[in-house]
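Residue numbers (our numbering): 37 to 103. Worksheet: the structure to be examined is printed underneath.
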Amino acid sequence: MRFKKKANLVTDDTVINYKDIDTLLKFMTPQGKLMPRRRIGCDAKTQHRIRTAILRARTLGLLPYGN
């Protein structure tokens with residue numbers, strides 16, 4: 037069975053900010069859901085920061101809740 041490679045979308049210089057919509061869209065599926073940690077290639081702390089930023093952007097109307 038072959039394993040898929042991790043996307044590794046998070047680097048050391050990636051800044052997670054709720055106002056940066058282009059960066060947040062990299063961590064979301066086309067349906068508007070948050071990608072899992074194993075797919076993004078980040079640790080739990082970074083995943084929590086991404087989740088918080090996406091929720092804030094959704095609350096302010098910068099990101100849609102669905103597709």
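Heads up, the beta-carbon is just placed ideally off N, CA and C, and yes, glycines get one too.
Count the other CB atoms within 10 Å of the CB of I57; is the residue buried (16 or more) or exposed (fewer)?
By the 10 Å Cβ count, I57 comes out exposed.
DSSP three-state assignment for L99, whether helix, strand or coil:
L99 falls in the coil class under three-state DSSP.
If you draw a straight line from the alpha carbon of D49 to that of L99, how long is it in whole angstroms?
Roughly 23 angstroms separates the two Cα atoms.
Any idea if V46 is buried or exposed, counting beta-carbon neighbours within 10 angstroms, 16 or more meaning buried?
A residue is called buried when at least 16 other Cβ atoms come within 10 angstroms of its Cβ; V46 meets this threshold and is buried.
Do I52 and G75 have their beta-carbon atoms positioned less than 9 angstroms apart in this structure?
The identity of residue 75 in the sequence shown is Arg, whereas the question assumes Gly. The Cβ atoms of R75 and I52 do not sit closer than 9 angstroms to each other.
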